[in-house]
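973 is the number of the first residue of the sequence shown in this note's numbering; add one for each residue after it. Step one of this worksheet: look at the structure below.
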Amino acid sequence: MRYLAILECPVIFSGESAYGMTSMDMCPSAGITRGLISRHVKVIDSRIIAVCIWQSEFCAKLFFNTDWYEKAEALWGDRYQLRLEVIDEAAVA
């Protein structure tokens, strides 16, 4: 069963964080991240919206793990939202 992840976060550049990371570094990469089917990214008003479709919940949660949440807290604090949910393929068809 496919899984959906929607990340909304501020745009942060590498010099602005203790990890030296950017907001895009926190997004999964197509062709590199295990189980990621597609990723669509849009920047609106200095905020990134990344919509990701995964092969399964397991793959999504493997990427969005405890380490990811710790880095997200350090990078964005409470200024991000991550929504994870099952894609009901029967309702889409």
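Ideal Cβ placement from N, Cα and C applies to all residues, glycine included.
If we count the other Cβ atoms within 10 Å of its Cβ and call it buried at 16 or more, is A1002 buried or exposed? On the sequence shown, residue 1002 is found 30 positions in, with the first residue counted as 1. A1002 comes out exposed.
Relative to the C-alpha of F985, which residue among R1055, Q1053, W1048 is closest? For the purposes of this step, residue 985 is identified with residue 13 of the sequence shown, where counting begins at 1. Answer by Cα proximity: W1048.
Mind checking whether L1054 and A977 have CB atoms under 8 Å apart? As a working note, residue 1054 is residue 82 in the sequence shown. As a working note, residue 977 is residue 5 in the sequence shown. Closer than 8 Å, so yes.
For the candidate residues H1012, T1005, V1013, whose alpha-carbon lies nearest to that of F1036? In the sequence shown, residue 1036 corresponds to position 64, counting from 1. Measuring from the Cα of F1036, the nearest candidate turns out to be T1005.
Comparing C-alpha positions only, which one of S1010, D1050, K1014, I1020 sits nearest to C1031? If you number the sequence shown from 1, residue 1031 lands on position 59. For C1031, the nearest C-alpha among the options comes from S1010.
Checking 8 Å against the spacing of the C-beta atoms, do M973 and K1043 come in under that value? If you number the sequence shown from 1, residue 973 lands on position 1. If you number the sequence shown from 1, residue 1043 lands on position 71. Taking 8 Å as the Cβ cut-off, M973 and K1043 do not qualify as a contacting pair.
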